[in-house]
Each structure stands twice: as C-alpha cells, then as structure tokens.
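Colleague: Sequential numbering from 2 applies to the sequence shown in my numbering. For every residue, glycine included, the Cβ atom is placed at its ideal position computed from N, Cα and C.
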Amino acid sequence: PLNRPSGTVSIDASPWRWTVPTRHQTRLTEEILETLRGHGRSEDELLAAYRSLAERYSDDVVGYLANLIITDEQRHHDLIEELMAHVEKRATTAPALRPRVDRPLLDATQDLLKRERVDAKELRHLRRELHGLPPDPLLMLLVELMLHDTAKHIEILRFIHTYEACTRSIGALRSHIGR
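1) To the nearest angstrom, how far is it from the Cα of Thr23 to the Cα of Glu82?
2) Just to confirm before moving on: does the CB-CB distance between Leu84 and Leu37 stay below 8 angstroms?
3) May I have the straight-line CA-CA distance separating Gly64 from Arg57, to the nearest angstrom?
4) If you measure from the beta carbon of Glu165 to each beta carbon in chain D, is any gap under 8 angstroms?
5) For the segment 111 to 120 and the segment 72 to 80, state whether three or more C-beta atom pairs, one from each stretch, are separated by less than 8 angstroms.
6) Taking just the CA atoms, how far does Asp120 sit from Ile12?
7) Using beta-carbon positions only, say whether Thr151 and Glu117 come within less than 8 angstroms of one another.
8) Can you tell which of Arg42, Ala86 and Leu69 has the C-alpha that lies nearest to the C-alpha of Thr30?
9) Measuring straight from C-alpha to C-alpha, what distance separates Asp61 and Pro135?
10) So, is Ala49 buried or exposed, given that buried needs 16 or more other C-beta atoms within 10 angstroms?
11) Whole angstroms are fine: how far does the CA of His78 sit from the CA of Arg42?
12) Looking only at C-alpha atoms, which of Ala92, Ala109 and Val88 sits nearest to Glu165?
13) Report the rounded CA-to-CA distance for His132 versus Pro138, giving the unit in angstroms.
14) Less than 8 angstroms between C-beta atoms, sequence neighbours within five positions excluded: which residues of the same chain meet that for Leu69?
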C-alpha cells in the first residue's frame with residue numbers, strides 16, 4: 002500500500018491501520034535510544050564544565066560567552082530528552098495522521114521565512130560595516146552567532162513549511178484515491 006513504511010508489518014483493520022515494528026526496527030530503536038542516552042550523559046558533563054568556567058570567570062567576557070554556550074547546551078540537553086521521548090513513543094504507537102490542511106500555517110511560515118531572510122541580509126550588512134571600525138572581536142563574534150541562529154531559524158521554518166506542504170499533498174492524494 003501507498004502509506005506502508007518499508008520494513009513494517011501492516012494489519013489492515015478498517016477504519017484503523019496499525020503498523021507493527023519488525024525486530025530490526027525494534028533493535029534499531031534501542032540502539033538509537035542508547036546513543037541518545039550516551040550523548041545526554043556527555044552533554045551533562047559538558048554543561049557542568051561550562052558552568053564551572055562561567056563561575057570562575059563570572060566578571061569577564063569569558064563568563065559572558067560561557068553563559069551563552071550554557072544556554073545552548075541546556076537546550077541541547079532538553080532536545081535530547083524530547084528526542085528520546087519521541088523515539089520511545091514511535092516505537093510503541095503508530096504515527097498519527099493529520100487529515101487537515103493548514104493554509105494559515107503555510108502562509109505564516111512563508112512570511113516568517115521572508116522576515117528571517119531580511120534579518121540575515123541586515124546582519125551580513127552589519128558585519129561588513131563592522132570591518133570599517135577598529136577591530137572588536139567580541140562584537141564580530143556576536144554578529145556571527147546571530148547569523149548562525151538566523152540560519153537555524155530559516156532551516157526550521159523550511160522544515161515546517163515543507164512538512165505541512167507534504168502533509169497537504171498526501172491528504173489530497175488520499176482524498177483523490179478514496180482512502
């Protein structure tokens with residue numbers, strides 16, 4: 002069938018469709034979870050090291066920058082926890098199908114993408130302007146970090162937009178073939 006993932010056993014019990022993971026998928030899920038757990042432990046150690054650095058140099062630019070990294074590392078730690086929960090959930094339940102088409106979401110992501118691209122253009126312009134001033138490595142670093150964040154935001158928005166557009170196409174295809 003069209004919507005059956007490769008390597009799964011499907012049981013068709015209309016109107017519900019259940020997908021049972023194969024042994025290979027179950028083993029792979031456990032390996033992924035163990036990798037995430039190991040990375041989480043490494044992130045915890047790294048976070049502790051950055052906190053120590055930030056405390057040691059709290060009145061210095063090093064402390065400021067270490068705290069920027071701590072914020073990112075904490076977010077990474079939280080993401081790992083969320084990834085583990087997601088992988089565990091997918092291992093025990095079939096993914097939910099979204100029959101809706103969310104045109105406002107598509108429009109909003111397009112608008113936000115345009116704004117982020119303008120932001121990136123402005124930051125690149127600022128970076129060029131900074132080259133005309135006496136060197137300020139911290140200011141240059143912060144502008145570069147904002148450019149990286151903007152690129153990350155664009156990537157996230159592109160994913161949301163593409164995912165929603167694909168969901169819309171699949172929904173239209175299912176309607177067309179009567180599923």
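Modeller: Taking the coordinates as given:
1) 25 angstroms
2) yes
3) 7 angstroms
4) Reference to chain D is not applicable here, since this structure consists of a single protein chain.
5) no
6) With a pLDDT of only 40 at Ile12, under the threshold of 50, the placement of this residue in the model should not be trusted; the figure read from the coordinates follows. So the alpha carbons of these two residues sit roughly 49 angstroms apart.
7) yes
8) Ala86
9) 21 angstroms
10) exposed
11) 9 angstroms
12) Ala109
13) 10 angstroms
14) Leu146
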